[in-house]
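Structure, as structure tokens:
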Amino acid sequence: MSLINDALKKAQKQRTGEAPPLAAMPTIGGESPRHISRRGKPASSTPLYLGLGGAGVLVVLVAGFFLLRPSSGPVAPAPAEKPAVIVPANMPPPAIAATTQPAPAPTTPNVFVVPLAPPPAVAEPPAARVAETRPAAQPAAPTVAEPARAATPPRRLDARATTYIESIRVAGIRASATDSKVLMNDRVYRAGDLVEHEMGLKLIGITSSSLTFEDPTGAQYTRNF
77 MSLINDALKK
87 AQKQRTGEAP
97 PLAAMPTIGG
107 ESPRHISRRG
117 KPASSTPLYL
127 GLGGAGVLVV
137 LVAGFFLLRP
147 SSGPVAPAPA
157 EKPAVIVPAN
167 MPPPAIAATT
177 QPAPAPTTPN
187 VFVVPLAPPP
197 AVAEPPAARV
207 AETRPAAQPA
217 APTVAEPARA
227 ATPPRRLDAR
237 ATTYIESIRV
247 AGIRASATDS
257 KVLMNDRVYR
267 AGDLVEHEMG
277 LKLIGITSSS
287 LTFEDPTGAQ
297 YTRNF
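Following this line, the structure appears as structure tokens:
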């Protein structure tokens, strides 16, 4: 019954905001509240975090010191090589060109030359003309006139050939210096063409007004228009 009363009082005090004294609180498991409050609390992890952070900061500072610190001393630049001074050897003094004066030209005394008159021309005697003797012209030998040959009359064509030539139908004649032609019996003939094979008649002459034919024996016939 006392435990219930104690619990009710405790609840009332909690509602009013007053914490009950430790002596008034009931014992739990045979231990009083005062003894429980004196127990050692578990160690907090905050000091461990602080130690680790400090160690990290220290490492960063040490690394920055070694990286950013200046070198032991500025590197002295290599001494520049001095240019070698070339001392010229003892040069002989320049030779002075000897000025030689030209020798004076020998002077010749003025000589006055008196021109001599040419000798008088001697007239040569005229050369004797030699008469040229030409041989007398010999009289020409009399020429004996040859007797005139009797003109042979031209051969005449056979009557059959003459009849054939007169029966040829001539449609047109074209006489020219290079290519004369005639249209006979519906065929074109030129000078030198064979007109009739059996009798051997050949056309040998073409003019604007006549046609001349010839047989194998040389007999000719001219047909006039």
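For the sequence shown, the positions run 77 to 301 when the working numbering is used.
Beta carbons: idealized from backbone N, C-alpha and C, even for Gly.
Residue burial classification, residue i (beta-carbon count within 10 angstroms, cutoff 16)
i	result
residue 142	exposed
residue 277	buried
residue 264	exposed
residue 287	buried
residue 271	buried
residue 79	exposed
residue 84	exposed
residue 233	buried
Proximity of residue i and residue j at Cβ, strictly below 8 Å
i	j	result
residue 244	residue 282	no
residue 297	residue 239	no
residue 279	residue 267	yes
residue 247	residue 284	no
Identity of the residues DSSP links to residue i by a beta bridge
i	result
residue 136	DSSP lists no partner for residue 136.
residue 297	289
residue 282	287
residue 248	259
residue 265	258
- Is the stretch 248-261 close to the stretch 289-296, with three or more CB pairs under 8 Å? no
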